[in-house]
Every structure is written in C-alpha cells, then in structure tokens.
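Protein chains in written order, with our numbering: chain A, 84 to 403; chain B, 422 to 758; chain C, 302 to 590.
Here is the structure:
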C-alpha cells in the first residue's frame, strides 16, 4: 500500500472527525448549559419575587417562626424545620428498604420474578402525588392514629428518644408525612440501585463467590463499593423529590406553623406552605411564599453541600 | 431523526393556526364557585355555542390573572377595594350565594342538635373554650349531654374564601378574635390542625373524636357531615338552609354598598344564617377584547336568568331579584359594552 | 473456631437476605394498598363515559379532554426534556467528568431536582406565558405548550442525573477500546457507550415521565386547564392531574369517584408506556464482560 496515497485522505478524515467531534461536544455543552440556565433562572426569579420579604428587617424572615398573613409578619423557621425533618425521616426509612429491594431483585429473586416485581416497584413512582395525599388522608392517617398510642407507650417511654413520640394520637404529623414521603421516593432510589447493581461485572462477583463469600458479603463488599457513587446519586434523586414534594405532604402533615420536639405533632414544610397558600395569596403574602421557594433552593444547596463534604471526607479516609 | 422531524411538523402546524375560536372566553379564580360556573358553562355552550372555560386557581390567582390581562374575567371570594378597582380600571359584581357551616364530631351529640353562637365559636377557635362541657357551650344547649372532652379544632390549611368569610364573621362578633387573629384567606390560627380543602377538613373531623371545624354547606350536605345550628345577630337560632342564606342576602344592605363591596356575614335579618358568603366576578371596564367581554356579560346575564335551578341543585342560592336588577344597572353605568 | 466464624457469616447472610425479601414485600404491600384504595374509590366511575365525555358536564362528565391534554403535554414534555437531558448527562459523564464546570452543573442539577414544582410553574409563567400574551395581544396566553415546558423542567434533572450515572458505569475499557480503533469520540459515545447504557438511560426517562405525569401545581399557571376538548398546543389545555385536583375539591362524591378513576388512568398510562419502552429498548441488553 503506497503510503503517499493514504496519508492525505486519513489526514482529511481525521480533520472532519475533529470537526464533528467539536460540533458534538458543542451541542452537548449547550444542553448542559441549558440545565444551568434553568436552575439559575428559576432561582433568580424566586429571589426577585421574594425580595420584598427576604430583605425586610435584615434576617427577620430567617430567624422568626411567626407566620401571620393578617399582619404580614412572616418567618421561615417552622417550614424549614418541617422540610428537613420529614425529608430526613423519609431517607432513613427509604434507603435501607430500597437497598433491600434492589438486593432482592438482583441477587436473590428467581429470574422470572425480577421483571414483574421491578415494574411493580417502579409503578409506585407513577402514582400521582395527589393520590398519595388522598390515600394518606383517608386511609393512612387513621391507620397511624391506631398505632400511635402503641408508639407512645413503648418508644415514648425510652430516655432521650422518648420525647420524639409524645403527644395526642391524631395520626397526622411529621412522622406520618415522613413515611408517606418514604414510600414516594422509594421507587426512585430503588430503580437506580437495581439498575447499577446490574452493571457490576459478573466476573468480579464470581471471583468473590469463588473465594467462598456469601451473597451478602458479595453485595456489601463488592457490589456496593463498585457502584457507590451511583447509589449516592440515586439517594440524591430521592432526597430531591422528598424536599420538593407538595401535595402528598400537605394532606397529612397537619399544617401547623410550629416547631415541636415530637414527631407525632403537626408541622408544616416549605413546599406544602407554598402549595397551600399560594392560590389565594396576594401582595406581601404572595411575596413571602415566593421567598420560601427561594429558601428551598438555599436549603437544598446547603444539604447537598454538607452531603458532598461528608462524602469527600469518607473518600479521603478510604484513601481514594 | 424521526422525532425531530415530527417535532418540526408539529411546531409548524402549531404556529400556522394561532388564533383560537373567537367565542371562547376564559375565567379564573375562586374555587367556591367552580362547581356552579362549570355547570352553567356546559349548558350555556349547548345553548349558544360559546364556550366559557373557568378554572379554579384560587381567588388570589384570579385577581392576579385579570390584572395581567390573561383572562376575560376573574372571580374572587374577597371583594377588591375602591382604590384597587380604580387603579386597574376594574369593576366587580356578585354571582351566587352559598353558606359556611360549623361541622363537628362529638360522641353522643347528634348532627344538627348542637347550637352555637358567634362568641362561643370564636372562643373555641381561640382555644379559650377548650372542653365540650364548658359552661359557654352548655348554656346554649340545655338538655344536651356534652362530654368532658378536649376540643380539637380543625381549620383550612390552604388559603380559601371559606376561611376568609369564617374569620370575617368571628372578627365581627368577637373583639378578642379581631384583635388577636383578624380576618383573611389564611390567618395565624391560635389553635388546632389544618386540613387541605373541604375534603381535608371533613376527613379530619370524621377521624378525630370531639373535633370541630367549618366547611362549605354544599360539601357538608353531599357528604353527610354533621353541622351545628347558629344563633344569629337577631338572637334567633337558625338552621343552615336555602331560606336562611337567602334571608341573609336579602337583608344585607346592598343598595348602599359601592361596587357591591359588602360581606353578608352576621346579617341582621331574623332568619338570616350568620355565615353566608358570595364571590365577585371582576372585569375590565374598558376591555381589551370587546367581543370576549360582551360574551362574558351575556353569560352572566344568562346565568342570572336561567341558571337558578342548576345553582339550587348544587346547594347554592341564586341572587335575589332586587340584587340582579341592581347589578344589571351597574353594568350599564360602569362598563363599556 | 473457623466453623464458628463460618456459622456467623452464614447467619448474617440469612438475616440479610430475609430482610431484603421482607423489604420487597413491604414495597409491594404499599403498592397494593394504594392501588386497592384507588380502585375501590374509583370503581363506581370507571366506564365508557370517562373516555367519551368532557369535564364540562361535571356530574354527567368524564375525562376525555383531560386524557387527550395529558397525552399531548406529557409527550411534548418528553420530546423536550429527553434529548436535552440525555445530551446534557452525556456531557457530564463523557466530557466534563472531572472538570469544575461539570461539578457545578451536576450540583445545580441536584438542586433543580428538588425545586418545588409550583416554583418551576411560576418561572415558566414568567418566561413563556406572559411574553406570549404580550406578543399576541392576549390571543395566546396559557397554553399546552407552556405546560409542556413546565413539565419538561421537572423531568429534565431526573434524566440528566440518571444518564450521567449510567454512562459513568460503562467500563473505561470500552471507551479506550473504541477510541483505539480510531473511531471519533462522538461516534464512540453515541454508538457504543450510550448503547451500552441504553437500559439505564431508558429507566431515567421513564422515571422522569412517571414524575411529570402526576404533576398538578406547575400546570395551573401554564396550561391552565380547559373544560372543553382541545388538541391545539397553543390553546389552554386540560390535564388529568388538574382534572383530579378540581374534582377532589368538588362537594359531589360522584366527582370524587371520577378523580380516583383518573388517578388509576395515570398509573396505567405510565405502566403501559414503561412496558412498551422496555420492550423496545431492552431486547439487546449489554453485559460488560
């Protein structure tokens, strides 16, 4: 093959390839920047819409737990508290359960069972949130009301954690909202976990089995570390939904602007406050609700930042 | 590729035919009147071919949208004041009447047996009357066996015209309520838990023993929720029903209310139900789209004349004839038609 | 000694596996419970009128206009957010994995995930609905198109997140192998890597669909709702979640039944779409061995 003939043409080809590569890269970058623009646009529009309340009296909005639409005195402490507590309960419950389901679906269940069960779990994600709310209101709240006396009698008697389970057994409140949220975010976390567990190279798992590992040890020591970053991504996906969920929470949270030590007491959350009051709000009240929307961006930012820093420390400890 | 092509065709088709049918008009606002307006709209469309698309996005939303000019009429449970109307060149008039009832769930007390008055109701919602056998309640209900149980108050968690009229009533009859809480679509509730919508409040009342709340009359009736009777401004105990709502509307002083800015709570009539409410249709006096505005007026005129039966079937009360004629002369003098 | 260690390991294993089975059971119980309640409450309303009557007729009405509106807006939303989301996710995984820009976008995408949907709806109201209204002198204000954009904003971060994760799990050896063959990077990305991650990317798109199909709040101020039938994307458009929301607020118990039936429809719609897509995309599943 005469080299003189091929070199220019391959040169040309690599030039076209390089150009296509640049275009492709440009297209991808543009799309990624759209995500950036969407978030910044949404966040800035809430900042603008809420400016009247956010910057009034310095940090009053951030430091006060008052919420009085009649005298136009607003503070965001109670909604922030409710958002964090319900999301935390939801994560604490949903992560282990999702992990269990993903484990069952990838390692234990017979093959014929995997598809149907996985689809069933994903169906949980497609139930509209207003239905979670109605189910919560008509069915789950009475159910919780029937078991809460038991919780108060057992867990409520314990030192330290006892305070969390005091109060009248109304069935609604932070704990109920947290559980409903857990069910809602479960399919998101679970689908991602299942999907990534399947990507672990079979030879990795099989070498471990060959060394005599049990199924649990393979999952805990091989599968989980291999997929850790994606699993955490899935958890963030769930956390994101929990922090921003409105309709379902609104129906079961009790909607009281108060900060309590008991999980059985009613509370409120940022997104349910917005969903509750936005439609009828005018003037400063509307501005206060939009300011709450901005605060949710800030709260999410802080929560994610803390999560990131903790992960980085963990990674450093493990010597990565 | 196929997707992109389809999208392009789609977008092109969409841009090709921008204008919607000229006879489609749009309204938005109060959820209180949503059932009756949508019922009217269906019949009106059959009669005239004109389609009135009304969406209950809330009174606040309705006011915001009419100000932004994105809808042909707004509907609000709270009347706009003189200054706002003048500033935006708007006018307002009432459309239909409904009632709000205190609903309760007390062991051993049958629905309809409990009697309350405004001060007692305010005391309960303030939390100062905390038990069912409180002398204030017992005094109004001689012979009724009231339990020695704590009262759980249930209020609306979402901003609503129902809450506005309810708190407006409590503010009128009780100075402490007025000073401590006041009136609004959402207020700083001194006691109790919040349920979303009529369905949220009534579900909590059913589930929680010894609870009390308030819901729209139509909702209580259709869903068989026990409601209380009230002692009205004239000192008479009245039952919530069409006649007592109508009595409230008829005895309210509409003739002296500029732009119909008047709330019917605590009406003076002997048979008046004390928590009677209406909502207001809000429109531009100089409409940007004259054709749509004309259809809007035609729709409400049709509703006043032909929609009464439908309103009654949904447990609303049609406006009294005197008020309708007052509205129609208001249209002539205030609006450019 | 060694047998006791072995016994302990086996016991731990059995406990863990049992718990994972129980977790699955718990998930299924909640699903069955919610579906049962939905079915029980909506049963009375299930019938042909759901598909033939419009919402305007209230007590005698159905959901046909809402079904059509939801189909149009959900698909439009997917057509907007799936390509953008997949491409953006690809950028993060393949081109910006360890760059500052990549980290920033990834972080902001996670925040977008939790943005309350009503806020995103308001944002679209400000950037789409109001300008359209100004531009057309009120002829076009709220529209199915604006609704679809709001829904797309809700689905977008879900797709970005999953695409990114799934691509990162494709082994680096596959990348190196294709690049060493002299294939340009875009070709390697599209034809090899994205193909290897198809199943995961499809899962992401379906999760996005599941999430956006049930949203009410962002549609109120964008698509608005319409009691009458319309297929025009620039018209005000009804959707199932908005219809459900209106019906549950209504005093009439008959309408509550229609609301529950509507919820069942959304769930079945997402189920059908997810089964169909799985059938189409996951026939050739790639294993990385």
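Glycine included, every Cβ here is placed at the ideal spot set by N, Cα and C. Since the structure is predicted, the reported quantities are computational estimates derived from the model, not experimental observations.
Cutoff 7 Å; reference residue 540 of chain B; Cβ partners in own chain excluding five residues on either side:
A distance below 7 Å between beta-carbons, with the five flanking residues on each side excluded, links residue 540 of chain B to the following residues of its chain, in chain order: 594, 595.
If the criterion is Cβ atoms closer than 7 Å, does the pair residue 257 of chain A and residue 386 of chain A meet it?
Contact: no.
From residue 589 of chain B to residue 221 of chain A, what distance separates their C-alpha atoms?
Taking the straight line joining both Cα atoms gives about 30 Å.
Spell out a yes or no on whether the segment 511-525 of chain C and the segment 189-209 of chain A are touching, meaning 3 or more CB-CB pairs, one atom from each, closer than 8 Å.
The segment 511-525 of chain C is in contact with the segment 189-209 of chain A.
Leaving aside the five residues before and after residue 325 of chain A along the sequence, list all residues of the same chain whose C-beta is less than 6 Å from its C-beta, in chain order.
Closer than 6 Å at the Cβ level, and outside the excluded window around residue 325 of chain A, lie 170, 173, 264, 268.
Can you determine whether any heavy atom of the ligand SAM sits closer than 6 Å to the C-beta of residue 632 of chain B, and answer yes or no?
Among the components of this structure there are no ligands whatsoever, and the ligand SAM is therefore not found.
Could you tell me whether any Cβ in chain C is nearer than 7 Å to the Cβ of residue 456 of chain B?
Yes, because at least one Cβ of chain C sits closer than 7 Å to the Cβ of residue 456 of chain B.
Taking residue 370 of chain A as the reference, which of A:110, A:128, A:337 has the closest Cα?
Considering only alpha carbons, the answer is A:128.
Using only the alpha-carbon positions, how far apart do residue 487 of chain B and residue 369 of chain C sit?
If you take the alpha carbons of residue 487 of chain B and residue 369 of chain C, they lie about 28 Å apart.
Coarse secondary structure for residue 756 of chain B, derived from DSSP in three states:
Here residue 756 of chain B sits in coil by DSSP.
I'd like to know if residue 606 of chain B contacts chain A, where contact means its C-beta is closer than 7 Å to some C-beta of that chain.
Taking CB atoms only, residue 606 of chain B has a neighbour in chain A less than 7 Å away.
For residue 207 of chain A, would you say it is in contact with chain C, using Cβ-to-Cβ distances shorter than 7 Å as the test?
Cβ-Cβ to chain C under 7 Å: yes for residue 207 of chain A.
What does the Cβ neighbour count give for residue 460 of chain B, buried or exposed, with the cut at 16 atoms within 10 Å?
By the 10 Å Cβ count, residue 460 of chain B comes out buried.
DSSP three-state assignment for residue 571 of chain B, whether helix, strand or coil
Under the three-state reduction of DSSP output, residue 571 of chain B falls in the strand class.
How is residue 576 of chain B classed by DSSP in three states: helix, strand or coil?
Reduced to three states, the DSSP call for residue 576 of chain B is strand.
For residue 140 of chain A, count neighbouring C-beta atoms within 10 Å of its own C-beta (all shown protein chains included) and say buried if the count is 16 or more, exposed if not.
Using a 10 angstroms sphere on the CB of residue 140 of chain A, the tally of other CB atoms stays under 16, which defines it as exposed.
Quick one: what does DSSP say residue 651 of chain B is sitting in, helix, strand or coil?
Judged by DSSP in its simplified three-state form, residue 651 of chain B adopts strand.
Should residue 226 of chain A be labelled buried (16 or more other beta-carbon atoms within 10 Å of its own) or exposed?
With fewer than 16 other Cβ atoms within 10 Å, it is exposed.
Quick check on residue 93 of chain A: buried or exposed, where buried means 16 or more other Cβ atoms within 10 Å of its Cβ?
Around the C-beta of residue 93 of chain A, fewer than 16 other C-beta atoms lie within 10 Å, and the residue is accordingly described as exposed.
I'd like to know if residue 122 of chain A contacts chain B, where contact means its C-beta is closer than 7 Å to some C-beta of that chain.
Taking Cβ atoms only, chain B never reaches closer than 7 Å to residue 122 of chain A, which makes this a no.
Check whether chain B comes within 7 Å of residue 358 of chain C, counting only Cβ atoms and requiring the distance to be less than that.
Yes, because at least one Cβ of chain B sits closer than 7 Å to the Cβ of residue 358 of chain C.
Spatially closest choice to residue 474 of chain C from A:284, A:233, A:163, by CA coordinates:
The option with the nearest alpha carbon to residue 474 of chain C is A:284.
The alpha helix (DSSP H) enclosing residue 455 of chain B, as first and last residue numbers
Residue 455 of chain B: member of the alpha helix (DSSP H) spanning 455-469, first to last residue.
Close Cβ partners of residue 479 of chain C (< 6 Å) along its chain, the five nearest in sequence each way excluded
Taken in chain order, the residues that qualify are 489, 493.
Reducing DSSP to helix, strand and coil, say where residue 515 of chain B ends up.
In this structure, residue 515 of chain B counts as strand in the three-state DSSP scheme.
Using the C-alpha atoms, what's the distance from residue 358 of chain C back to residue 350 of chain C?
Those two C-alpha atoms are separated by around 11 Å.
Closest to residue 507 of chain C by C-alpha separation, out of C:362, C:354, C:529, C:570, would be which residue?
Between residue 507 of chain C and the set C:362, C:354, C:529, C:570, the nearest pair of CA atoms involves C:570.
Can the beta-carbon of residue 316 of chain A be found closer than 7 Å to that of residue 462 of chain C?
Yes. Within cutoff.
Kindly identify the DSSP beta-bridge partner or partners of residue 614 of chain B.
Answer is B:575, bridged to residue 614 of chain B.
Inter-residue spacing [alpha-carbon to alpha-carbon] between residue 561 of chain B and residue 654 of chain B:
Roughly 15 Å separates the two Cα atoms.
How about residue 582 of chain B and residue 666 of chain B: are their beta carbons less than 7 Å apart?
In this structure, the beta-carbon distance from residue 582 of chain B to residue 666 of chain B does not fall below 7 Å.
Could you check what DSSP says for residue 355 of chain C in three-state terms: helix, strand or coil?
Residue 355 of chain C falls in the coil class under three-state DSSP.
For the segment 230-241 of chain A, enumerate the residues whose C-beta is nearer than 8 Å to any C-beta of chain C, in chain order.
Under the 8 Å Cβ criterion, the segment 230-241 of chain A contributes no residue.
Proximity winner among C:346, C:407, C:316, C:315, relative to residue 388 of chain A (alpha-carbon distances):
Nearest to residue 388 of chain A by C-alpha distance, out of C:346, C:407, C:316, C:315, is C:407.
Just by C-beta distance, which residues in the segment 639-667 of chain B are closer than 8 Å to chain C?
Listed in sequence order: 639, 640, 642, 643, 644.
For residue 436 of chain C, count neighbouring Cβ atoms within 10 angstroms of its own Cβ and tell me buried if that reaches 16, exposed if not.
So residue 436 of chain C counts as exposed.
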